[in-house]
Structure formats: C-alpha cells, structure tokens
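Since the structure comes first, as structure tokens, the remarks are kept for the end.
There are 2 protein chains.
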Amino acid sequence: MSEASHLTFDLDKIGISKGHLIVSKGIDSEALSLPVISLNKGEGPRLLITGGCHGDELEGPIVAQRLVEWLPEVQTCGRVIIVPVLNPPAVQASSRNTPIDGLNLNRVFPGRADGSVTERIADAVSRLLLPMADTIFDLHSFGALWEFAPAATTHPIADPDLMAKTIRMAEAFKLPMTLVWEHPETPGMFDVLAQNQGKVFVCPELGGGTVGAEALAIYEAGVRNALIALGIVKGKADYPTFRQQKSGHTFETRRSSDELKSPARGIFEPRCSVLDKVNQGDLIGILHPMESLPADAVQIRAPGTSIVYAVRSGAYVDVNEGVALLARPLDR
Amino acid sequence: MSEASHLTFDLDKIGISKGHLIVSKGIDSEALSLPVISLNKGEGPRLLITGGCHGDELEGPIVAQRLVEWLPEVQTCGRVIIVPVLNPPAVQASSRNTPIDGLNLNRVFPGRADGSVTERIADAVSRLLLPMADTIFDLHSFGALWEFAPAATTHPIADPDLMAKTIRMAEAFKLPMTLVWEHPETPGMFDVLAQNQGKVFVCPELGGGTVGAEALAIYEAGVRNALIALGIVKGKADYPTFRQQKSGHTFETRRSSDELKSPARGIFEPRCSVLDKVNQGDLIGILHPMESLPADAVQIRAPGTSIVYAVRSGAYVDVNEGVALLARPLDR
Numbered sequence: 042m043s044e045a046s047h048l049t050f051d052l053d054k055i056g057i058s059k060g061h062l063i064v065s066k067g068i069d070s071e072a073l074s075l076p077v078i079s080l081n082k083g084e085g086p087r088l089l090i091t092g093g094c095h096g097d098e099l100e101g102p103i104v105a106q107r108l109v110e111w112l113p114e115v116q117t118c119g120r121v122i123i124v125p126v127l128n129p130p131a132v133q134a135s136s137r138n139t140p141i142d143g144l145n146l147n148r149v150f151p152g153r154a155d156g157s158v159t160e161r162i163a164d165a166v167s168r169l170l171l172p173m174a175d176t177i178f179d180l181h182s183f184g185a186l187w188e189f190a191p192a193a194t195t196h197p198i199a200d201p202d203l204m205a206k207t208i209r210m211a212e213a214f215k216l217p218m219t220l221v222w223e224h225p226e227t228p229g230m231f232d233v234l235a236q237n238q239g240k241v242f243v244c245p246e247l248g249g250g251t252v253g254a255e256a257l258a259i260y261e262a263g264v265r266n267a268l269i270a271l272g273i274v275k276g277k278a279d280y281p282t283f284r285q286q287k288s289g290h291t292f293e294t295r296r297s298s299d300e301l302k303s304p305a306r307g308i309f310e311p312r313c314s315v316l317d318k319v320n321q322g323d324l325i326g327i328l329h330p331m332e333s334l335p336a337d338a339v340q341i342r343a344p345g346t347s348i349v350y351a352v353r354s355g356a357y358v359d360v361n362e363g364v365a366l367l368a369r370p371l372d373r
Numbered sequence: 042m043s044e045a046s047h048l049t050f051d052l053d054k055i056g057i058s059k060g061h062l063i064v065s066k067g068i069d070s071e072a073l074s075l076p077v078i079s080l081n082k083g084e085g086p087r088l089l090i091t092g093g094c095h096g097d098e099l100e101g102p103i104v105a106q107r108l109v110e111w112l113p114e115v116q117t118c119g120r121v122i123i124v125p126v127l128n129p130p131a132v133q134a135s136s137r138n139t140p141i142d143g144l145n146l147n148r149v150f151p152g153r154a155d156g157s158v159t160e161r162i163a164d165a166v167s168r169l170l171l172p173m174a175d176t177i178f179d180l181h182s183f184g185a186l187w188e189f190a191p192a193a194t195t196h197p198i199a200d201p202d203l204m205a206k207t208i209r210m211a212e213a214f215k216l217p218m219t220l221v222w223e224h225p226e227t228p229g230m231f232d233v234l235a236q237n238q239g240k241v242f243v244c245p246e247l248g249g250g251t252v253g254a255e256a257l258a259i260y261e262a263g264v265r266n267a268l269i270a271l272g273i274v275k276g277k278a279d280y281p282t283f284r285q286q287k288s289g290h291t292f293e294t295r296r297s298s299d300e301l302k303s304p305a306r307g308i309f310e311p312r313c314s315v316l317d318k319v320n321q322g323d324l325i326g327i328l329h330p331m332e333s334l335p336a337d338a339v340q341i342r343a344p345g346t347s348i349v350y351a352v353r354s355g356a357y358v359d360v361n362e363g364v365a366l367l368a369r370p371l372d373r
C-alpha cells in the first residue's frame, strides 16, 4: 500500500515554514507534491489561502506567490497557510478540470482517500489543511473567456449569522464587486464543506480575461485589504482603482434567472461592459450567425433593470451558451 | 468533378450586393460558403477587408460585421469588399489553424485549387477576391493569451516605395501602435502574396486578451480612420482613447531578437504592461516553477531600452515559450 497523504513539515511550528502537502499515489497517478507555506505568528486569526483549484485561473496562484514575498515582513499575529496551487495537473494543462480523471476539484469535496487523483487532492486538503483554519480565501477567477470585474463572492448560506459574517469578510476585500451568488451546482464545493463546519469562506473571483499586471495589482490589493480587516496586517484598507474609479458595491445574482444565453450558434459580439447599469431592452450583445449574412444578426437585450457583472469575450458560441451574467443590489 | 470555387454574385454591380464565396468541395470537406458583402460606389480606391483568418481572433469578424452596418450610409466613392470570416471551420473550433487539415491559412497562400480545405480557401481568395483590390486590411489579433495594444502592423518590404506607402497606410489607423515587424516565418503569408503584386496590405493586430466592448470600439475607430485616409469616407480622423491616452507611435521589432522567452516551465507572472518603456534590467515578469518553493522564482528582465508591445497573460508556460515582445522607435 502506498504512503497516505501527509504534510512534510509541522504547521504548528512558530515562524516561517515551507514544505509540501503530499497527495498519496493512487491507481491513476503518482503522488503529488504541493508547495505549502506556513506563516505562524501564534495567537490570532487562522487563515488558509488557496489558489489554482481550476487550472485555467492563474490569478490566484500568482497573487498567492506575491503574498509569500511580503506577508512575512508585515504580519503581526495569527497563522496563515498558503497553498498557491491546489491542482498542479490542471494548471499544467491550463484546464479547468483535472486532465487525468476529468473531474472538477471544486465539485468533489470532501474527496476520498482512495479515490481518483482529484478526489485524493480534495481529501488531503479537507483532512490536513482545512482543520487548521477558521477563515478560507479560495482564489478563483473567471478565466480568459469572460470579462469580469474583480469581485469577492459567496454563495447564500442558510445560517444567517455565518451569512452576515461572510458578507462582511467579502466586503472587506473592497473590490469593485461583492457578490452573493445563488449557484445551482453546490454539491462537492469547497465552500459548502467549510461553511458546514462554521467557517468563513470567501471566494474572490479575481477577474477574468487577460491576467495582466494591472489586474493582478487590484487582486493583490483586495487580499491585502482583507488581511487588514482580519487584523493579521496593520494598515489602511482602500478601494483599488478599477477603470478610473474607486468603489465597491454588493450585489446578488441567481445563476438560473440572471444568465443570458446565446439564442443561436454564431459569433457573440459584446455590446456592454462589466459594471454597466442596464434597463429592460438595453443592448447586451449581438449574435452573428456565421454562414448567413449580417441582416440575420440577433440582438440580445436586458430583461430588466440590472448590473452587468460578467460578459463573454467575443467568441464563437454554441446555442444556449451563457454570454452575460446580471445582478441586482443585495436586498439585506 | 465538383464545382470549382466561385462567387454567387457579380462584384462589379454598382450598389450594395451580398452573396457568398463558394470554396469548392474537396477530398477532406464539403464546399464552404463564406458570406461576402460588396459596397460598390464606382470610381475610387478598391479595398478588400478580411477577418477570421485565424479562428481564435474574433475581433476582425466582429469589426467587419460592424462596418457592414454603417459603411453603406457614409461611403462616398470606391469599392469595398468585406469578408468577415475567411476560415469558418477554424472560427467554429476557436482554433488558430483549420481543424480539418491542421494548416494555418496565413501560411498557405496562394493556395491550391485541388489542395486541402485551407489551401482551397487561400486559392479562392487569391484568385477571386485579391485581384479586385489595391489595398487590403486583413483583421487579425493576438488572441486571448496575450495583452497587446491595438496596432496596425506590416512586415518589412523590399520595395522602398511600397514600404513607405504601407507604413503611411498603417499609421492612418491612428491606433496606439504602428509596428514594422520582422517576422521569420514569411512564406505563404497573405501579405507577402499581395505585396508581391504591388498592393498595400496592412494587418491590424487588433489587440489581444478579452474581446470586449471597449476594445472593439477602438478597433472600429482605427478602421474608420483608415477609410477616411483612403478617401472612401468623409470625416475627421482622431486617435482613439486607449488607457486614458490618445496617441500613436511607430515602432519596429525583430521577432528573433526582441522576443523574451521563458527560462523554465512554470507560471508566468507579468510585471509590465503594453506600451511600458523599459530600460536594461527592468523587470518584465517572473517565472514561478510550480513544484518548488517561491524562493526559486526566476526574474525575467529587459535586455535593453525598449517598448513592451505584447506581454503574455499570466499562465502556465513551457520552457522557451515567448512571454514578452519588445520594440524600438522606427528608424526611418
């Protein structure tokens, strides 16, 4: 029998420690070795920061690496565990799902010790890292196919106290958007597992489109703001500048009713930008059936008053593919 | 024997005509049917505008469709032929190359009437459309993996008169960058074929990253500026606003010496933005080997004074993959 998943070092050790989370060998892959950094200043908040759950969302791993550079110098208390890349095979393949078993890591929590590689990663994280934290920032993003404003998101939570605490934590990122996101596909998500254990879990959907220097600076500022709110770092939180504005708004959205879909196959032309306010009938985009002539273009219009929080990059899309996501100010 | 490639309508007809370029059936595919729009106001410049040569560069097809909407109303003279999508199978697959035969359409010109599907497209365009034009705008872009400022580009041309005319035409787009691009891989390119026939060929590399509403507006303004310079449209050309600036600069670059490559496999973190001026030793990006710890990150620095004209989006890259492209002001 192969060696069980384990950490190569003691997370309880005071100071800066670096080592690996070894995910056990299984029938479908060799053991994986995930770098882990522990910044332990003793008493205080216990935070776990993870990136690279999906292999096509690289903002998280990069922001996590940046934290490792500056956080040790300014951390005043508490414990921060950083795992820049949760799913190395998916990142290497630039693929949302793990190429080895085709699974989405964020749908298999708490995982299985004797499962396929994605399930074994989830199991190792759930058993060996999650118990060490009361707050989790799981750094996601929207990938290259969408324009999406930097946002801190949570799904709705049944427990009203935990919901309120989680929204406060998400708002502390001071990103352009805080989003309460009703998502139909919740089983097996990392946040559901953590929230069922009473933990505060925020999932910054740190943008989309090009992963560039300016976007990364906003994301990093968001995480720093959250660390200040937690009391781990001293400093003054401030809204980062996004499109020449410093502001943050809290929205809610339902994936089922607030997603606009392509009416046909063809080239989607975006006609709005993220954070645009739209009223019923406003133009969101145009669908150009490719083999027919331009007169056959189909206009996609807003069904009601809302905010655009994500819009598909111009691309060839299939019928019924999502092309825009809308939201409304959160009704508290 | 199948029907030869042909146009379904007469391009010489005065007024607005719409029809198709039929690319003949071959051993590897059925016939293709490419929508073509002819805007013929008689005497004046003869312009061919093409998009969708590469299936993962959707700015061109979208801007071409927009032209079809407004150009008929404002065109004062000349003939404009618009083909929004040159390579429908590649666009449907969101793939640079044609998925059927694996070929890059922009490497097989002038094509072959009895070749594979990509060669048959090139042949039909070369024989049936190219002779109708003295000026060609082939609307490309840099794709989702790069940040790239909207630019009008040309490769170096041996004939100094045609070179000067082509640079003037490229500069007339008034995009943030005009670029004379020494490219090692010229055989079979559409522009080489057209230039060898004495035609002015400009290849707007209309950006990169997310294909969003703001970027598309800049691209459309660039093409409108060029139409004004040609005298096809009346109006005042103006630099579009890009990153809060209105400006245009003309650069030259050598693909061989001005491309910075990844020193190892890992996650590339961009640390500069397009149009940044850099001096020798300035930080361009960081390469994070993924399985080792952050201390092993490798800094990628500028080899000399230059302008960043393209930078890779944060992503997992292989050793020796391009991560940044540099340029210098054009020495005329």
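Protein chains in written order, with my numbering: chain A, 42 to 373; chain B, 42 to 373. From the three backbone atoms N, C-alpha and C, an ideal C-beta is built for every residue, glycine too. Just so you know, these numbers come straight off a predicted model, no measurement behind them.
Query                                                                                                                                                                                          : Result
Could you pull out every unbroken beta strand (DSSP E) segment of at least 3 residues lying fully inside the region 121–202 of chain A, listed in chain order?                                 : 176–180, 187–189 and 191–195
How many whole angstroms separate the CB atoms of G119 (chain A) and P86 (chain A), which I take to be in contact at a CB cut-off of 8 angstroms?                                              : 4 angstroms
Less than 8 angstroms between the CB atoms is what I'm expecting for I348 (chain B) and K318 (chain B), so what's the real figure, rounded?                                                    : 6 angstroms
What do you get for P201 (chain B), buried or exposed, if any count of 16 or more other CB atoms within 10 angstroms of its CB means buried?                                                   : exposed
Give me, in chain order, the residues of the same chain whose beta-carbon lies closer than 6 angstroms to that of G307 (chain B); leave out the 5 immediate sequence neighbours on both sides. : L328, H329, P330 and M331
Quick one, which residues of the region 194–211 of chain B are near chain A if we go by CB-CB under 7 angstroms, in chain order?                                                               : none
Within this structure, are the beta carbons of F214 (chain A) and A267 (chain A) separated by less than 7 angstroms?                                                                           : yes
What are the boundary residues of the beta strand (DSSP E) that G22 (chain A) is part of?                                                                                                      : Beyond the ends of chain A as shown, which are 42 and 373, falls residue 22 (chain A); an answer cannot be given.
Quick check on DSSP: helix, strand or coil for V315 (chain B)?                                                                                                                                 : coil
Starting from S363 (chain A), trace the alpha helix (DSSP H) both ways and give me its first and last residue.                                                                                 : The residue you asked about is not Ser; residue 363 (chain A) is Gly in the sequence shown. Where G363 (chain A) is concerned, there is no enclosing alpha helix (DSSP H), although the beta strand (DSSP E) it sits in stretches over G363 to P370.
Let me know the secondary structure DSSP gives Y280 (chain A) once reduced to three states.                                                                                                    : coil
Buried or exposed: D97 (chain B), going by 16 or more other Cβ atoms within 10 Å of its Cβ?                                                                                                    : buried
Quick check on V132 (chain B) - is its C-beta less than 7 angstroms from some C-beta in chain A?                                                                                               : yes
Determine whether the Cβ of G253 (chain B) lies closer than 7 angstroms to any Cβ atom of chain A.                                                                                             : yes
So with CB distances below 7 angstroms, who are the chain B contacts of V126 (chain A)?                                                                                                        : M331
I'd like to check one pair, L62 (chain A) with C94 (chain A): are the Cβ atoms closer than 7 angstroms?                                                                                        : no
With distance defined between alpha-carbon atoms, name the residue in A:A174, A:E188, A:K275 and A:D232 nearest to L52 (chain A).                                                              : A:A174
Under 7 angstroms between C-beta atoms, does R137 (chain A) make it to chain B?                                                                                                                : no
Since P311 (chain B) meets chain A, which of its residues come closer than 8 angstroms, beta carbon to beta carbon?                                                                            : V252, G253, A254 and L257
Beta-carbon of E188 (chain A) versus every beta-carbon of chain B: anything under 7 angstroms?                                                                                                 : yes
Please classify I90 (chain A) as buried or exposed, where buried requires at least 16 other C-beta atoms within 10 Å of its C-beta.                                                            : buried
Determine the closest residue to L73 (chain A) out of A:R312, A:S46, A:V115 and A:N81, with distance taken between C-alpha atoms.                                                              : A:S46
Pull up the distance between the alpha-carbon of A270 (chain A) and that of A368 (chain A), whole angstroms please.                                                                            : 26 angstroms
Count the other C-beta atoms from every protein chain shown that fall within 10 angstroms of the C-beta of P197 (chain A), then say buried if there are 16 or more, exposed otherwise.         : exposed
I'd like the list of long-range same chain contacts for V315 (chain B), defined as Cβ closer than 7 angstroms, with 5 residues on each side in sequence excluded.                              : E188, F189, A190, V349, Y350, A351 and V352
Tell me the DSSP secondary structure of E293 (chain A) in three-state form.                                                                                                                    : strand
Does any residue of chain A have a CB that is nearer than 7 angstroms to the CB of L36 (chain B)?                                                                                              : The first residue shown for chain B is 42 and the last is 373, placing residue 36 (chain B) beyond what the model contains.
Could you check which residue in B:L75, B:G322, B:L257 and B:F283 has the C-alpha nearest to that of P125 (chain B)?                                                                           : B:L75
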